[in-house]
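Heads up, the sequence shown is in numbering that gives the first Met the number 0, so the first residue is 0 and it goes up one at a time.
Presented below is the structure to which this report refers.
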Amino acid sequence: MDEWIGGESAYGDARSTQKSNNPAIQQSNSPAARGLVLLRNSGLLEHILPELMATIACEQSPDFHPEGSVFNHICLMLEKLPAGANESLPWAVLLHDIAKPVTAERDAATGKIHFYGHEKTGAEMAEKILQRLRFPKKQTEEIVACVRHHMQFKDVKQMRKAT
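This is how it looks when you write it as structure tokens:
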């Protein structure tokens, strides 16, 4: 479950040992995924994108996400980015589940975790983050639209062809 963060504490001396010894970083072909893990391990993530820190400890239902935490899921999604993707796509992937920690609810009857409305809340958070980072307005709109609608993308393969 903690392959992306080395199974260590999110803070303290563990960061310095993870910088070069994390096999997931060394084996990943994704510069975006490696970059995210390196930001986290160096302690810079909490200063640049503090909203992502909560994703490290935010668990998901193993039925849908056997990789565990939202952070691990984001890293895996970054790894799946196609070569030559436009520059907005990695940011959309990075931020698509940003609101899961703030929308997490556990069903008292079943014990299952739900993230109702995380795409809407995530779009609002993404817009604030991108404005803070001074992204161009058009690119911000592209990324925010992807975050807002990312739950619709998961069903694309099941859609039938239009005639």
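Just so you know, even glycine gets a beta-carbon here, dropped at the ideal spot from N, CA and C.
According to DSSP, residue i sits in a beta bridge with which residue or residues?
i	result
R105	I112
Take residue i and list the residues in its own chain whose beta-carbon comes closer than 8 Å to its own, dropping the five residues that flank it on each side.
i	result
E126	T139 and V143
E50	I97, M124 and I128
Y115	T102 and E104
What separation, rounded to the nearest whole angstrom, lies between the Cα atoms of residue i and residue j?
i	j	result
L94	E104	20 Å
A107	R131	37 Å
K136	S29	27 Å
P65	R133	35 Å
G121	Q157	25 Å
Excluding the 5 residues preceding and the 5 following residue i in the sequence, name in chain order all residues of the same chain whose CB lies nearer than 7 Å to its CB.
i	result
I47	L38
P89	A31, L77 and L80
A91	I142, C145 and V146
C74	W3, A32, L35 and V36
Which term fits residue i, buried or exposed, when burial requires 16 or more other beta carbons within 10 angstroms of its beta carbon?
i	result
L43	exposed
P61	exposed
N21	A caution first: N21 carries a pLDDT of 41, below 50, which makes its placement in the model too unreliable to give a value.
L59	In the sequence on display, residue 59 carries Gln and not Leu. Q59 comes out buried.
N85	exposed
Leaving out five residues on either side along the sequence, give the residues of the same chain with a beta carbon under 6 Å from the beta carbon of residue i.
i	result
H113	E104
Just to confirm the assignment: which complete alpha helix (DSSP H) runs, minimum length 4, are found wholly within the stretch 14-92? As far as the stretch 14-92 is concerned, its whole alpha helix (DSSP H) runs of at least 4 residues are 22-26, 30-41, 44-47, 52-55 and 69-78.
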